[in-house]
């Protein structure tokens, strides 16, 4: 079963195959947790969100439309679950607020702000919205610090194309982050 | 380890006599119950499993008479029963069904119960399919679900009515292994028509014909009944009680061999067929 | 869509896996976007993660998905104080659904019939008591229990379960009838007039079920009841309405109570039949 693609696993999960869910979980739970952790530092909330995510996948695998990357679909579920879990915690904290220390409330609120910032177009989302060619260029030059020529070699495109794509990427990123 | 004792059991359904004065003790280990359809195997197992009451006679298990309230409760707390036709509700998933039976078996704590359900379902190899509806499972898988519920709580007495019906040879092999490990130390009553299951699995075999016990002993003793009465030839002998063509193209026959016949070592199946044939013959031609 | 030529460096992945908050946003965001597309880098992350993390995470998820779906009736019973196991045993009865469906259909028939006659109360009084009986008989029939024959050989099968099922099922049927009575507008019919016959018929069905098959038990009671009610009214004189006939007046009620007591006595004496699979078969 290890040879099955994520899409095939989702199909099996829709047919109530428990092992398929386990395998999908083992493939994705770690990176999801890490990515969520960068938005919310409370490990309990992250764990709860991840757990809710896979339960949701189990129940709604049939609703995935089969387009795009399954990982993207799963991430979409995960980030929404995290928001839900944080908001639920906020609500609970607010109910006790007249007894809670203001500092405690502020920490949660700050995470909430970061999170909401992510959802409304910071760098990550902006990068994600770039086309694969633009993104490849950004990743190669920004991440690995390659020169234009080196990036051109790596991506097997002319150096001029690297420059043009970088320009377009910058424009798009500026627009998204404005 | 207490044994199961059956004393003078009798049961009829209208004019049909299902069991006629059955007396037998079952010891720890795997006890096979062999007999044709209608011989009374299912009725006997149902009565021992407390799913049915006899007309006469009694069953003692775990030191008590199972017809009393305490005896029945004690028996039910220590047994697992696989009926010939489980009759489960088709809309349940395998997990939900086994979980439901576990509640009936007094597993009130949800976490412990679910752990046990997962355990028995993996014993029968159904971890992947445990959340599929029973109506979506193949016949062999449904039987495995039914076997799983019988294994809940590792019962001391395991009553299995035709457990290998509908299973393919590979699954039957897995079942034999499963029984070897899961049922160690228990008393197993297993009914079957498959003599090779008996030969492979059972320490003891009981042959039931027309509601009566006609043999009780080891499988090899059953085979020995046919010593000197099984031979092969190129063609069918008119004196043979039973004959059939084997895979090699020879004819295997049971009965009174003609002189010079090529005798072969009898199998459990031969012994059983000899008994069953004799009994059918006795019915057809009663002694004057 | 996958950028097969570009992958994150081992060092970046290792840092992301062990200390994700200490990577600058741009690189981390870039990696995160890449991970959505790249299975190879995702599995590389797993190499830096402790296996017990995945096992623990999965155990919690498995626990949640393995929980059987709870029906509304089950939730109602459980929140009313019934132990969770019993709530499940009683509400998981497929016969409940069947009996419920029968009750609803029958109530509609009664309502229609009632509107066709001038003696609305009478029509109601004849047919309404048959519904709890049908519901109880359906739930006691061996095929009503989802565990089938295997369930008979269990410690909780038997009297305790049967009584609880009857109370819930019979009680539910009585409530439905009460509502139907309001709907049909058969006001003025005292409760005792139809509740007593309901109880007596239901108990009678169970009592007969220790001897007869379900068709025979239920059929004979339905026929017997209708014949009895009509015969008594005929004896009273044709100008008397059903509601005023002797069956439902004091004398009739006393007889009904006597029948109920007799049926219950039979059930108690033959209660062992409820322990095996031999009820209604």
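Chains as they are written, first to last, in the numbering used here: chain R, 1 to 178; chain V, 1001 to 1288; chain B, 2001 to 2281. We treat Cβ as the ideally placed atom computed from N, Cα and C, and that holds for glycine. Remember, it's a predicted structure, so these values are computed and weren't measured experimentally.
Run the CB neighbour count on residue 2059 of chain B, radius 10 Å, all protein chains shown included, and call it buried at 16 or more, exposed below.
Label assigned to residue 2059 of chain B: exposed.
Report the residue from R:29, R:129 and R:158 whose alpha carbon sits nearest the alpha carbon of residue 170 of chain R.
Ranking the options by Cα distance to residue 170 of chain R, first place goes to R:129.
CB of residue 28 of chain R within 7 Å of CB of residue 86 of chain R, strictly:
In this structure, residue 28 of chain R lies away from residue 86 of chain R, with their beta-carbon atoms at least 7 Å apart.
Do you know how far the Cα of residue 1047 of chain V is from the Cα of residue 1012 of chain V?
Distance between residue 1012 of chain V and residue 1047 of chain V, taken at the CA atoms: about 12 Å.
Is any beta-carbon of chain V found at less than 7 Å from that of residue 18 of chain R?
Using beta-carbon distances, residue 18 of chain R counts as an interface residue toward chain V, with a partner under 7 Å.
Cβ of residue 1087 of chain V less than 7 Å from any chain B Cβ?
Yes, because at least one Cβ of chain B sits closer than 7 Å to the Cβ of residue 1087 of chain V.
Identify every run of the alpha helix (DSSP H) within the region 1128-1210 of chain V, keeping only runs that are complete inside it and at least 4 residues long; order them along the chain.
Secondary structure remark: continuous alpha helix (DSSP H) runs of at least 4 residues inside the region 1128-1210 of chain V, in chain order: 1139-1150, 1169-1182 and 1195-1201.
How about the region 1098-1106 of chain V and the region 2143-2153 of chain B: do they share at least three Cβ pairs that are nearer than 8 Å?
The region 1098-1106 of chain V makes contact with the region 2143-2153 of chain B, as at least three CB pairs between them are under 8 Å.
Contact list for residue 1149 of chain V against chain B, beta-carbon separation under 7 Å:
Taking a Cβ-Cβ threshold of 7 Å, the residues of chain B close to residue 1149 of chain V are 2150, in chain order.
Which partner residues does residue 1005 of chain V have in the DSSP bridge list?
According to DSSP, which records beta bridges pairwise, residue 1005 of chain V is partnered with V:1025 and V:1060.
Output, in chain order, the set of chain V residues within a Cβ distance shorter than 8 Å of residue 2278 of chain B.
Near residue 2278 of chain B (Cβ distances below 8 Å), the residues of chain V are 1052 and 1053.
My understanding is that residue 1231 of chain V touches residue 1264 of chain V, with C-beta atoms under 8 Å, so please give their C-beta distance in whole angstroms.
That pair is a contact at about 6 Å.
I need the boundaries of the beta strand (DSSP E) containing residue 1243 of chain V, first residue and last residue.
Where residue 1243 of chain V is concerned, the enclosing beta strand (DSSP E) stretches over 1240-1245.
According to DSSP, what are the bridge partners of residue 1013 of chain V?
V:1016.
Residue 1162 of chain V versus V:1006, V:1042, V:1005 and V:1259, residue with shortest Cα-Cα distance:
It is V:1042 whose Cα lies nearest to the Cα of residue 1162 of chain V.
Grab the span of the beta strand (DSSP E) containing residue 1254 of chain V for me, first residue to last.
For residue 1254 of chain V, the enclosing beta strand (DSSP E) covers residues 1251-1255.
Under 9 Å from the C-beta of residue 46 of chain R: neighbouring residues of chain B:
Ordered by position in chain B, no residue passes the 9 Å Cβ test against residue 46 of chain R, which lies about 10 Å from the chain.
Specify the secondary structure class of residue 1085 of chain V as computed by DSSP and reduced to three states.
When secondary structure is reduced to three states using DSSP, residue 1085 of chain V falls in the coil class, being assigned neither helix nor strand.
For residue 2236 of chain B, tell me which candidate among B:2036, B:2222 and B:2252 has the shortest Cα-Cα distance.
The shortest C-alpha separation from residue 2236 of chain B is found at B:2252.
Extent of the continuous alpha helix (DSSP H) to which residue 179 of chain R belongs:
Examination of residue 179 of chain R is not possible in this model, given that chain R is present from 1 through 178 alone.
Distance between residue 30 of chain R and residue 2019 of chain B (C-alpha atoms, nearest Å)
Distance between the alpha carbons of residue 2019 of chain B and residue 30 of chain R: 13 Å.
Which residue's Cα is closest to the Cα of residue 1119 of chain V: V:1149, V:1228 and V:1023?
Ranked by Cα distance from residue 1119 of chain V, the first of V:1149, V:1228 and V:1023 is V:1149.
Would you say residue 2212 of chain B faces chain V, with C-beta separation under 7 Å as the test?
Not an interface residue.
Taking its Cβ as the centre, do 16 or more other Cβ atoms sit within 10 Å of residue 5 of chain R, making it buried, or is it exposed?
Residue 5 of chain R comes out exposed.
Using a 10 Å radius around the Cβ and a threshold of 16 neighbouring Cβ atoms, would you call residue 2224 of chain B buried or exposed?
Counting Cβ neighbours within 10 Å, residue 2224 of chain B comes out exposed, since fewer than 16 surround it.
Would you mind reading off the limits of the alpha helix (DSSP H) that contains residue 2023 of chain B?
No alpha helix (DSSP H) contains residue 2023 of chain B, which DSSP labels as neither H nor E.
Closer than 7 Å, CB to CB, is residue 2089 of chain B near chain V or not?
So, interface residue.
Is residue 157 of chain R helix, strand or coil when you go by DSSP?
Coil.
Within 9 Å of chain R by C-beta, residues of the region 1115-1132 of chain V in sequence order
Residues are counted here when their Cβ sits less than 9 Å from a Cβ of chain R; for the region 1115-1132 of chain V these are 1127, 1128, 1129, 1130, 1131 and 1132, given in chain order.
Under 7 Å Cβ-Cβ, which residues of chain R neighbour residue 2024 of chain B?
Going along chain R, no residue has its Cβ under 7 Å from residue 2024 of chain B, so there is no contact; the nearest lies around 10 Å.
Just curious, the beta strand (DSSP E) that residue 1215 of chain V is in, first and last residue?
It spans 1212-1217 - the beta strand (DSSP E) in which residue 1215 of chain V sits, taken as one unbroken run.
Provide the residue span of the alpha helix (DSSP H) that contains residue 1051 of chain V, from first to last.
For residue 1051 of chain V, no alpha helix (DSSP H) encloses it, and the DSSP letter there is neither H nor E.
Please report the Cβ distance between residue 1187 of chain V and residue 1157 of chain V, rounded to the nearest whole angstrom; I am assuming they are in contact, meaning their Cβ atoms lie under 8 Å.
Indeed, because the Cβ distance is near 5 Å, the residues count as touching under 8 Å.
Proximity test, Cβ basis, 7 Å: residue 2290 of chain B and chain R:
Beyond the ends of chain B as shown, which are 2001 and 2281, falls residue 2290 of chain B; an answer cannot be given.
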